[in-house]
Amino acid sequence: MASIRLILGVAIAAIALAACGSNTGSAVPSTSTTHGTLVVNPPLRLLSVSNATLQQQLGASASGQQLLGLIAGVQAGLQAIPGYVPSNCGVDVYYLKFRTTGAAGEATESSGAMMVPTGAAPGCSGPHPILLYAHGTNPNKALNIANLEDPTNTEGALIAAMYAAQGYIVVAPNYAGYDISTLGYHPYVLATQQSGEMLDVLAAARTALPNTLTAGTSDNGSLYITGYSEGGYVALATARALDLQAPGQYTAVAPMSGPHALEAFVDSIFLLGQVGVDDTVFAPFITTSYNKAYGTAMTPNPVFQFTGAPTDAYEPAYASGITTLLPSTTPIDTIIGTGLLPETAVFSLTPIPAAAFPQPPLTAMQAGELAQILTPGSFGYAADGTNLVQNSFRANYALDAFTNMDGVISPYLTGQPALPTVAAAPPSINFLRWGLYMNDLRNNPTPWVPSGATLLCGGQNDPTVYFLNSEAMAGYWADVAGSVPANFALLSVDTNPNPHLQNSTAGSGPFAALQNAFTVEYNGDLATYGYAQAQADYHGTLVPPICAAAVFEYFLAPTVFGGP
Amino acid sequence: MKNSKILACSLALLGCVASLAWADDSGPQNTLRLGYYFIFFNSSSTPITGPFVPAETPPLDIKADNVNTPYVAYIRRLSTHWDAELAFGLPPKTETEGKGPATLGAVPYNGVVLGSARWVAPTVLIEYKFFQDDAPLRPYVGVGVNYTAFEGRQSSAAGDAVGGGPTSIDQTASIGPAGTVGLKYSFAPNWSVIASANYALVRSDVTLTTAGVNRTTRVTFDPFAAIVAVGYSF
Chain A
25 MASIRLILGV
35 AIAAIALAAC
45 GSNTGSAVPS
55 TSTTHGTLVV
65 NPPLRLLSVS
75 NATLQQQLGA
85 SASGQQLLGL
95 IAGVQAGLQA
105 IPGYVPSNCG
115 VDVYYLKFRT
125 TGAAGEATES
135 SGAMMVPTGA
145 APGCSGPHPI
155 LLYAHGTNPN
165 KALNIANLED
175 PTNTEGALIA
185 AMYAAQGYIV
195 VAPNYAGYDI
205 STLGYHPYVL
215 ATQQSGEMLD
225 VLAAARTALP
235 NTLTAGTSDN
245 GSLYITGYSE
255 GGYVALATAR
265 ALDLQAPGQY
275 TAVAPMSGPH
285 ALEAFVDSIF
295 LLGQVGVDDT
305 VFAPFITTSY
315 NKAYGTAMTP
325 NPVFQFTGAP
335 TDAYEPAYAS
345 GITTLLPSTT
355 PIDTIIGTGL
365 LPETAVFSLT
375 PIPAAAFPQP
385 PLTAMQAGEL
395 AQILTPGSFG
405 YAADGTNLVQ
415 NSFRANYALD
425 AFTNMDGVIS
435 PYLTGQPALP
445 TVAAAPPSIN
455 FLRWGLYMND
465 LRNNPTPWVP
475 SGATLLCGGQ
485 NDPTVYFLNS
495 EAMAGYWADV
505 AGSVPANFAL
515 LSVDTNPNPH
525 LQNSTAGSGP
535 FAALQNAFTV
545 EYNGDLATYG
555 YAQAQADYHG
565 TLVPPICAAA
575 VFEYFLAPTV
585 FGGP
Chain B
3 MKNSKILACS
13 LALLGCVASL
23 AWADDSGPQN
33 TLRLGYYFIF
43 FNSSSTPITG
53 PFVPAETPPL
63 DIKADNVNTP
73 YVAYIRRLST
83 HWDAELAFGL
93 PPKTETEGKG
103 PATLGAVPYN
113 GVVLGSARWV
123 APTVLIEYKF
133 FQDDAPLRPY
143 VGVGVNYTAF
153 EGRQSSAAGD
163 AVGGGPTSID
173 QTASIGPAGT
183 VGLKYSFAPN
193 WSVIASANYA
203 LVRSDVTLTT
213 AGVNRTTRVT
223 FDPFAAIVAV
233 GYSF
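Those protein sequence lines, which keep their order, are chains A and B. The numbering of the first sequence is my numbering, which starts it at 25 and goes up by one. The numbering of the second sequence is my numbering, which starts it at 3 and goes up by one.
And the structure:
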């Protein structure tokens with residue numbers, strides 16, 4: 025009997041070996057153009073690291089050490105949550121190529137990452153939730169968030185360590201226009217395209233998951249959505265797109281520092297004159313994206329006096345070539361250094377006179393008032409003509425914003441309480457503003473509230489993507505939609521009343537430890553490098569890991585970290 | 003296309019051999035040998051290039067594992083001092099293993115068998131024999147051409163893990179010079195034994211395709227083979 029068992033055992037082993045040593049050869053790329061198709065199945069694994077190796081590699085840099093310290097602190101803090109067991113997983117990173125659609129609905133190909141937790145530690149094998157992540161604005165066309173060997177891919181390293189190594193299957197697109205994409209531009213802050221691409225990469229990942237080299241890891245069906253900056257916007261747009269299909273398809277959404285209220289945000293720049301850090305980089309992304317999305321239908325269109333075409337919007341020194349400028353394989357510092365974009369100067373210091381505004385629609389008094397509003401500010405203006413945007417284009421946009429005012433903007437001008445809604449009527453003069461209105465997440469045919477638990481994270485002094493975006497979204501849900509999402513939280517990781525000074529305001533509430541961690545980082549940056557550099561680091565360096573940690577905590581226990 | 007060129011080359015060489023077969027009819031003209039090849043590789047590769055190849059110092063290398071296989075040869079006597087030999091090995095399954103860091107991330111690399119191929123490797127040699135036909139012990143030296151095709155190429159599960167997914171291997175056939183130094187001992191009428199040391203230059207361009215991504219390297223195998231065999235002449 026024993027010998028029969030042995031023989032049987034050998035036979036089974038032989039079958040298993042035959043199955044392993046498959047001679048199927050490499051995957052043949054799919055020729056289907058249907059969006060959501062995984063082009064290469066099974067996908068390429070780019071990296072397989074144990075948790076120890078991941079920690080060792082992160083520990084080699086100062087920022088990596090900070091991240092490890094942050095994660096350790098989060099894990100220690102979460103011990104109070106019943107049933108919580110820290111997961112310290114290895115990570116297998118796969119490179120997904122998938123079919124999607126461009127800004128004008130054209131079929132195209134994009135790529136992205138799928139990071140799968142591995143290892144024998146608790147919570148690292150078996151069924152896992154999927155965390156869908158959207159990255160922030162990146163001027164580097166070669167960005168491949170799946171390539172963790174690229175030292176500039178800090179966002180990839182952050183999500184690998186914070187989410188994949190702690191038990192989420194992370195799925196993140198590179199976006200059309202990046203990496204292997206041949207689209208030639210990037211559809212930017214464009215809700216339909218970008219949410220569509222997120223759902224396409226998710227479909228591709230779900231196709232890929234059963235076929236990977238990472239045995240024993242599967243999708244448990246729960247979906248979490250997050251992203252940073254541009255990606256924060258994309259994350260929220262994706263939740264909305266899912267809700268429009270059918271509510272209840274995701275457990276929670278937690279956008280970080282996103283420009284959700286696009287119209288109000290850009291109105292604050294053009295009308296209120298509050299130029300932000302990196303606006304000169306965002307501008308070409310937006311105008312190119314909206315011209316690709318709407319240009320065919322809207323240009324030339326007599327309704328829009330200004331179309332957002334390069335020569336309409338930009339000073340001649342920059343207009344030529346600006347539609348294909350970003351994203352680029354040329355480093356952004358070189359682009360700015362060679363004068364293809366100004367570093368900070370969006371507007372001219374030369375005032376726009378009241379006579380620039382047509383009367384009607386404005387009365388002479390209103391024209392004077394508008395001219396007064398447009399008095400140049402302190403940051404982002406040039407006296408020597410090196411500014412990016414023509415005064416005539418700004419005047420046209422401002423006229424639109426002034427005569428058709430966004431509810432978020434009005435209190436800044438009149439002292440009235442905020443009415444957090446979009447403009448009462450679609451913009452009718454300026455093409456750019458019309459595009460922003462179309463993509464503003466407060467603009468819904470019927471009021472929309474996320475069906476999943478929702479956290480809006482950011483920093484209240486963010487000089488790049490203003491916190492008013494998150495506040496406007498919260499206000500929209502409360503005032504217009506009539507109810508906030510489940511377990512809703514609006515979190516500023518920054519408690520500083522005055523970013524010029526060291527912060528001494530302690531954190532409070534469920535995220536107090538993270539608020540205090542941010543304060544340590546900000547105060548250190550301010551003391552070492554000064555205010556200007558601290559401002560430059562705020563959005564892109566200081567907030568991301570802290571908000572990412574807050575999102576991790578929130579996703580783990582929305583009822584603990586969010587409202588009722 | 004490439005294979006037909008190689009065939010043409012080989013035929014040309016045989017034609018050259020045939021022309022050396024001038025009139026000399028003393029003794030048996032044909033010999034068959036059976037024996038064994040003991041193949042020792044001294045392989046090296048150029049750095050593997052292509053998308054997503056981990057940057058390692060020194061670069062990732064691969065090496066072929068030594069292999070033994072039966073040896074079969076036909077020898078045509080051309081004259082007292084000249085022979086032509088067409089030698090085959092029963093195509094041996096040759097395994098290629100990783101040479102470099104112990105692991106790539108968590109994936110084992112150094113010493114892991116990445117893939118295998120069967121070598122179809124005929125060699126044509128012209129040999130010069132020392133001494134006379136009646137000498138029992140005759141040293142010989144030879145030069146010629148080796149052709150090697152790599153059939154049945156297969157990536158192992160470990161090779162797939164290194165490559166990042168199911169991998170197909172494309173490998174160009176090799177044509178290169180070959181040389182031999184041997185000693186023949188005739189121990190009975192029509193029967194002999196030989197021992198020889200053989201070398202061939204075998205180079206191949208290898209393309210590894212994984213999930214639509216190609217990585218390439220040029221491998222120099224430089225096999226050194228010892229042969230012992232028994233021959234029967236007729």
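We put the beta carbon where it would ideally sit given N, CA and C, even for glycine. Note that the structure is a prediction, hence the values are computed from the model and not measured.
Go through its chain and collect everything with a Cβ distance to residue i's Cβ below 7 Å, but skip five positions before and after it.
i      : result
A:Q99  : P110
A:N162 : P351
A:Y202 : K165, L167, H210 and P351
A:F306 : T161
A:P451 : D424, N428, R457, W458 and Y461
Compare the C-beta of residue i against all C-beta atoms of chain A and say whether one is closer than 8 Å.
i      : result
B:V126 : no
B:F152 : no
B:V237 : Since the first and last residues shown for chain B are 3 and 236, residue 237 of chain B lies out of range.
B:T219 : no
B:V109 : yes
B:F43  : no
B:T169 : yes
B:G214 : yes
B:P179 : no
Using 8 Å as the limit for Cβ to Cβ distance, is residue i near chain B?
i      : result
A:S134 : no
A:N454 : no
A:S111 : no
A:G49  : yes
A:V73  : yes
A:G147 : no
A:L233 : no
A:I570 : no
A:V194 : no
Using a Cβ-Cβ cutoff of less than 6 Å, which residues in the same chain neighbour residue i once the five nearest sequence positions on both sides are dropped?
i      : result
A:E339 : Q414
A:G409 : none
A:I183 : Y157 and V194
B:S188 : P138 and S194
A:Q217 : A127 and P211
A:P366 : T304, T410 and L412
A:T552 : none
A:T543 : N527
A:S205 : S134
Please state whether the Cβ-Cβ distance between residue i and residue j is less than 8 Å.
i      : j      : result
B:V221 : B:I64  : yes
B:V122 : B:A151 : yes
A:L62  : A:L120 : yes
A:A343 : A:T353 : no
B:G117 : B:S176 : no
A:D464 : A:E287 : yes
A:T77  : B:A163 : no
B:T209 : B:D172 : yes
A:V489 : A:P279 : no
B:L105 : B:D67  : Looking at the sequence itself, residue 105 of chain B is Thr, so the reference to Leu does not match. Against a cut-off of 8 Å, the Cβ pair of B:D67 and B:T105 comes out as no contact.
A:P474 : A:V277 : yes
If you drop the 5 nearest sequence neighbours on each side, which residues of the same chain put their C-beta closer than 8 Å to that of residue i?
i      : result
A:P53  : V63, V64 and K121
B:V204 : A123, N148, T150, S176, G178, T222, F223, D224 and P225
Flag residue i as yes when its Cβ comes closer than 7 Å to any non-hydrogen atom of the ligand ZN, and as no otherwise.
i     : result
B:P56 : With respect to the ligand ZN, the structure offers nothing, as it holds no ligand at all.
- Item | Any 3 or more C-beta pairs closer than 8 Å across the segment 396 to 404 of chain A and the segment 263 to 279 of chain A | no
- If you scan the segment 274 to 305 of chain A from start to end, which runs of the alpha helix (DSSP H) of 4 or more residues do you find wholly inside it? 286 to 294
- Message: Check whether the segment 226 to 235 of chain B and the segment 178 to 198 of chain B are in contact - that is, three or more C-beta pairs closer than 8 Å.
- Response: yes
- Of all the alpha helix (DSSP H) runs that stay within the bounds of the segment 41 to 128 of chain A, which reach a length of 4 or more residues? 75 to 82 and 86 to 101
- Of all the alpha helix (DSSP H) runs that stay within the bounds of the segment 348 to 411 of chain A, which reach a length of 4 or more residues? 356 to 361 and 388 to 397
- Task: Counting only runs of 4+ residues fully inside the segment 460 to 507 of chain A, write out the alpha helix (DSSP H) ranges in chain order.
- Result: 492 to 499
- Entirely within the segment 54 to 95 of chain B and at least 3 residues each: give me those beta strand (DSSP E) ranges in chain order. 63 to 66, 69 to 79 and 84 to 91
- Taking contact to mean at least 3 C-beta pairs separated by less than 8 Å, is the segment 80 to 99 of chain A in contact with the segment 239 to 251 of chain A? no
- How about the segment 236 to 244 of chain A and the segment 253 to 263 of chain A: do they share at least three Cβ pairs that are nearer than 8 Å? no
- Item | beta strand (DSSP E) runs wholly inside the segment 193 to 231 of chain A, at least 3 long, in chain order | 193 to 197
- Message: Runs of 4 residues minimum, wholly inside the segment 117 to 188 of chain B: which ones carry the alpha helix (DSSP H) assignment?
- Response: 159 to 165
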